[in-house]
Amino acid sequence: MKISIYRYDPDKDEKPYMKEYDVELQHSDHMLLDALVRVKDMDDSFAFRRSCREGVCGSDAMNINGKNGLACVTKIADLKEPVMLRPLPGLPVIRDLIVDMTQFFKQYHSIKPYVINHDAPPERERLQSPAEREQLNGLYECILCACCSTACPSFWWNPDKFVGPAGLLQAYRFIADTRDQETAARLDNLEDPYRLFRCHSIMNCVDVCPKNLNPTQAIGKIKELMVRRMV
Amino acid sequence: MIPVRRFDAIVVGAGGSGMRAALELARADLKVAVLSKVFPTRSHTVAAQGGIAAPLANSTEDNWHWHMYDTVKGSDYLGDQDAIEYMCRRANEVVVELEHMGMPFDRLENGKIYQRPFGGHTQDYGSSKMAMRSCAAADRTGHAMLHTLYQQNVRMNTQFFVEWMALDIIRDPQDGAVLGVTALEMETGEVFILQAKATLFATGGAGRIFYASTNAFINTGDGIGMAARAGFPLEDMEFWQFHPTGVYGAGVLITEGVRGEGGFLVNKDGERFMERYAPNAKDLASRDVVSRAMTTEIKEGRGCGPHADHVLLKLSHIKPEDIMQRLPGIREISIKFANADPIRDPIPVVPTVHYQMGGIPAKYTGHVVIPEGNNTDSIVPGFYAVGECACVSVHGANRLGTNSLLDLVVFGKSAGEQVIKDIKALPSPHRTLPKGAGDSTRARLARLDANAAGERVVDVLTDLRRAMQAHCGVFRFPDDLLKGVEKIKEIADRAQRTFIQDKSKVFNTARVEALELDNLIEAAMATIVSAEARKESRGAQARADFPDRDDKNWMKHTLWYKEGNRLSYKPVHLKPLTVDSFEPKVRTY
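Order-wise, the sequence lines are chains P and E.
Position 151 of the first sequence, counting from 1, maps to 151 under our numbering, and the rest follow consecutively.
In our numbering, each number is its position in the second sequence, counted from 1, plus 231.
What follows is the structure, encoded as structure tokens:
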């Protein structure tokens with residue numbers, strides 16, 4: 001299998017370059033991550049993140065043949081060769097496929113990603129009907145891999161000002177939670193020309209999400225709430 | 232000189248237990264650092280699926296006494312009954328707290344937390360009626376819990392050191408107290424001493440010592456290795472849980488919750504074989520029991536597929552809408568990794584290493600304890616361990632499903648509480664670091680920097696994992712174990728001569744993997760030496776030559792020491808905190 005990988009080690013490389021590998025696959029290698037592990041076996045200087053290898057930890061997000069995805073749940077058989085691997089676009093590269101995600105997490109933190117409820121906690125669980133809980137489906141499953149935000153042109157231009165699809169999906173996750181009492185403040189927090197409204201529904205986020213989530217829809221719902229409270 | 236940074240407390244590991252402890256510490260006015268070699272939400276807790284145990288009694292009658300009985304029985308009577316009582320009594324409290332923090336549990340019609348049955352969890356002290364005790368967020372409970380705990384830590388401004396790997400423990404030669412760790416900042420390659428009055432390990436298990444494992448790449452037993460090198464014993468390391476349902480070929484976990492929702496296992500004849508092995512609980516017997524039954528079916532020629540080397544997990548009789556609602560993650564995994572949509576097709580599965588019952592000997596307060604004089608549980612000043620890296624021991628010889636997430640939050644919380652108490656009682660300045668603190672770390676790194684040839688890390692690692700798989704499996708044979716000990720010794724020697732080509736300072740993952748190998752070696756050696764020595768079958772240790780449990784000679788915890796590859800033993804705590812003991816009985820399901 002032929003793979004071409006973006007390589008850059010600031011310790012020794014003046015500039016980034018693409019390096020070609022011819023990987024001999026074993027019969028048990030099905031996913032792109034399996035092939036990357038083989039590359040690492042040949043060349044231990046190749047650096048990338050990985051952990052759960054089942055699409056739930058969000059470590060091995062990268063740009064695969066021009067599209068963001070997780071290496072561990074991308075089937076080798078579905079890929080055109082040579083497979084071109086680059087770091088997630090728009091974030092500073094630390095080394096090879098490892099990017100600096102500080103800005104991405106900063107935006108996530110900026111939406112106050114936790115339930116805020118001012119009532120004294122009851123003895124037992126707060127009640128929530130199955131229908132109310134259903135509202136969180138398609139939201140809470142986010143694994144913070146950053147595939148979506150780094151596929152979004154609006155995030156590329158304004159990573160410091162636009163929250164980005166991942167952060168906004170989570171903003172709506174807490175608005176949608178019946179246990180949260182801060183909807184108004186959460187909307188205030190996004191009432192700004194950039195934070196929310198830089199989303200132009202390009203929908204790259206939906207296209208790349210490895211968990212099949214729909215940030216654009218969540219953003220639409222937040223915008224709808226904004227409009228509704230103005231009239 | 233290695234630069235020193237000082238804190239009141241450091242937490243090593245940011246999975247479920249580390250972050251629960253951090254949250255408790257955040258409530259006190261302390262300077263705390265939480266180290267993690269991955270971003271916190273990448274920790275392996277994220278992969279837990281089926282649920283967290285708590286006798287909330289939302290769907291079936293339940294109470295902590297029944298839960299305690301099931302846990303003691305599940306442990307094959309090796310669990311410490313004081314710790315088990317402690318955990319079961321605090322289960323409702325910690326799970327309700329998680330809900331208050333915002334964890335998205337599934338719900339019942341009346342708005343309460345949804346609970347499902349799970350293996351080994353029964354009503355009325357082991358009756359044939361199963362208890363619905365597993366509190367679930369679909370089949371993504373670990374993900375929901377880990378993210379909730381991270382979010383709460385964001386709220387409390389916890390200081391995380393992300394992508395920092397702890398390397399070695401620093402001890403005070405005077406009294407053996409733990410004074411902190413050396414740690415590598417992966418992005419820069421710089422090494423620091425992090426000194427603290429309390430060092431809390433929440434570093435997870437070493438499931439990567441086996442070739443086929445449900446565990447993430449990062450589960451390299453770093454805390455286990457550090458503790459062993461620092462002279463601490465490791466407890467009950469022979470007990471490794473084989474989860475019955477790893478995806479055949481891929482090793483990825485399929486939750487027991489599938490069987491909790493009504494799924495069952497069949498052999499090549501389509502026979503629901505668990506009915507023969509566990510007439511009452513059937514597919515919801517304890518994991519060790521189910522894994523042995525599957526292995527027996529396969530060995531006796533009733534396995535499925537062209538090589539007759541796996542069995543099938545059937546759930547096509549469950550309503551598709553229930554699968555979509557309760558088991559969506561499983562469906563996703565099964566389609567991706569087994570090419571089977573469980574709505575129609577059975578999932579090929581095989582017992583796969585999943586969980587380390589043993590670990591650093593600890594109390595339910597989080598205190599690490601070691602034998603000293605006549606006291607088998609003498610507290611080590613400044614050292615705490617929680618979660619999978621610790622042996623408290625609530626799981627004994629076999630853990631029940633859903634008790635692991637519970638273990639994380641109960642003992643994460645209790646250790647956090649204890650650290651606060653202990654620090655308040657200490658004088659305010661830090662102790663003086665011993666001369667040469669960090670030298671052993673420097674030597675390890677210097678060797679990797681200097682060596683231009685030697686053993687490749689990947690070769691040693693692969694041989695280690697294959698040897699453990701071959702010599703220390705579901706059923707253990709005396710000759711295999713003896714040969715296995717010799718093999719692991721040889722591999723450990725080779726690990727002393729590893730080299731890496733990559734000498735870069737920046738995010739050098741080759742260096743990280745070489746350092747992880749050192750930790751895996753300690754975990755593997757502890758496992759196989761302890762397993763070879765234990766001449767009985769109990770829980771997850773099933774010996775062909777000693778098929779029965781031997782309470783007279785072996786109702787005791789193993790302690791393995793790296794120095795001299797030596798073993799000692801200590802008694803099981805049979806006395807609970809407030810209730811009567813559960814006397815050992817023959818264990819059937």
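All residues carry an ideal CB built from backbone N, CA and C; glycine is no exception.
Proximity below 7 Å, CB of residue i to CB of residue j
i                      : j                      : result
residue 240 of chain E : residue 429 of chain E : yes
residue 265 of chain E : residue 391 of chain E : yes
residue 613 of chain E : residue 461 of chain E : no
residue 3 of chain P   : residue 83 of chain P  : yes
residue 68 of chain P  : residue 147 of chain P : yes
residue 617 of chain E : residue 595 of chain E : no
residue 591 of chain E : residue 621 of chain E : yes
residue 96 of chain P  : residue 61 of chain P  : no
residue 58 of chain P  : residue 72 of chain P  : no
residue 741 of chain E : residue 731 of chain E : yes
residue 577 of chain E : residue 543 of chain E : yes
residue 74 of chain P  : residue 32 of chain P  : yes
residue 470 of chain E : residue 704 of chain E : no
residue 636 of chain E : residue 279 of chain E : yes
residue 763 of chain E : residue 716 of chain E : yes
residue 104 of chain P : residue 149 of chain P : yes
Below-7 Å beta-carbon distance, residue i vs any chain E residue
i                      : result
residue 208 of chain P : no
residue 217 of chain P : no
residue 56 of chain P  : yes
residue 10 of chain P  : yes
residue 29 of chain P  : no
residue 201 of chain P : no
residue 17 of chain P  : no
residue 21 of chain P  : no
residue 140 of chain P : yes
residue 47 of chain P  : yes
residue 13 of chain P  : no
residue 231 of chain P : no
residue 73 of chain P  : yes
residue 52 of chain P  : yes
residue 248 of chain P : What the structure shows of chain P is the stretch from 1 to 231, and residue 248 of chain P is not part of that stretch, so it cannot be assessed.
residue 4 of chain P   : no
Cutoff 7 Å: residue i Cβ touching any chain P Cβ
i                      : result
residue 324 of chain E : no
residue 486 of chain E : no
residue 660 of chain E : no
residue 537 of chain E : no
residue 447 of chain E : yes
residue 601 of chain E : no
residue 330 of chain E : yes
residue 613 of chain E : no
Residue(s) in a DSSP beta bridge with residue i
i                      : result
residue 788 of chain E : E/801
residue 267 of chain E : E/393
residue 686 of chain E : E/729
residue 278 of chain E : DSSP lists no partner for residue 278 of chain E.
residue 22 of chain P  : P/2
**Item:** Against chain E: residues of the region 148-170 of chain P by CB proximity under 7 Å
**Value:** The region 148-170 of chain P vs chain E, Cβ under 7 Å: nothing.
**Prompt:** Which whole runs of the alpha helix (DSSP H) in the region 593-680 of chain E are 4 residues long or more, in chain order?
**Reply:** Segments of the alpha helix (DSSP H) lying fully in the region 593-680 of chain E: 634-655.
**Item:** Proximal residues, the region 107-138 of chain P versus chain E, C-beta separation under 7 Å
**Value:** Per Cβ criterion, the list reads 109, 113, 114, 115, 121, 124, 125, 126, 127, 128, 129, 130, 133, 136.
**Request:** Report the residues of the region 468-484 of chain E with a CB closer than 7 Å to any CB of chain P, ordered along the chain.
**Result:** Identification of residues in the region 468-484 of chain E having a C-beta nearer than 7 Å to some C-beta of chain P yields 480, 483, given in sequence order.
**Inside the region 495-552 of chain E only - beta strand (DSSP E) runs reaching at least 3 residues** = Within the region 495-552 of chain E, the complete beta strand (DSSP E) runs of at least 3 residues are 495-497, 542-545.
**Asked** Going along the chain, which residues of the region 361-380 of chain E sit with their C-beta nearer than 7 Å to a C-beta in chain P?
**Response** Answer set for the region 361-380 of chain E: 371, 374, 375.
**Asked** Can you list, in chain order, the stretches of the alpha helix (DSSP H) that have 4 or more residues and sit fully within the region 438-504 of chain E?
**Response** Entirely contained in the region 438-504 of chain E, the alpha helix (DSSP H) runs reaching 4 residues are, in chain order, 453-460, 488-491.
**Request:** Only counting runs of 4 or more residues, tell me where the alpha helix (DSSP H) segments fall wholly within the region 360-437 of chain E, in order along the chain.
**Result:** Fully enclosed alpha helix (DSSP H) runs of 4 or longer: 372-386.
**Request:** Output, in sequence order along the chain, the residues in the region 276-295 of chain E whose CB is closer than 7 Å to any CB in chain P.
**Result:** Flagged, chain order: 277, 278.
**Prompt:** In the region 727-743 of chain E, which residues sit with their C-beta less than 8 Å from some C-beta in chain P, listed in chain order?
**Reply:** From the region 727-743 of chain E, only 731, 732, 733, 735, 736, 737, 738, 739, 740, 741 have a Cβ closer than 8 Å to chain P.
**Short-range partners of chain P found in the region 553-576 of chain E, where Cβ spacing is below 8 Å** = Residues of the region 553-576 of chain E with a C-beta atom less than 8 Å from some C-beta of chain P are 560, 563, 564, 567, 568, listed in chain order.
**Prompt:** Mind listing which residues of the region 79-102 of chain P have their C-beta closer than 9 Å to chain E's C-betas, in chain order?
**Reply:** For the region 79-102 of chain P, residues whose beta-carbon sits nearer than 9 Å to a beta-carbon of chain E comprise 94, 95, 96, 98, 100, 101.
**Request:** Mind checking the region 449-460 of chain E against chain P and listing, in chain order, the residues whose C-beta falls within less than 8 Å of any C-beta there?
**Result:** Answer in chain order: 449.
**Unbroken stretches of the beta strand (DSSP E), 3 residues or longer, contained in the region 9-70 of chain P** = Positions of the beta strand (DSSP E) runs, each at least 3 residues long and wholly inside the region 9-70 of chain P, are given as 17-22, 61-64, 67-70 in order along the chain.
**Item:** Interface positions of the region 173-189 of chain P facing chain E (Cβ-Cβ less than 7 Å), listed along the chain
**Value:** Against chain E - using a Cβ distance shorter than 7 Å - the residues of the region 173-189 of chain P are 177, 179.
**Prompt:** Which residues, taken in chain order from the region 412-445 of chain E, show a beta carbon closer than 8 Å to some beta carbon of chain P?
**Reply:** Of all residues in the region 412-445 of chain E, 418 have a Cβ within less than 8 Å of some Cβ in chain P.
**Whole runs of the beta strand (DSSP E) within the region 330-361 of chain E, excluding any shorter than 3 residues** = Every unbroken stretch of the beta strand (DSSP E) spanning 3 or more residues and falling wholly within the region 330-361 of chain E is given here in chain order: 346-353.
**Asked** What residues in the region 492-518 of chain E have a beta carbon less than 8 Å from any beta carbon of chain P?
**Response** Within the region 492-518 of chain E, no residue places its CB atom closer than 8 Å to a CB of chain P.
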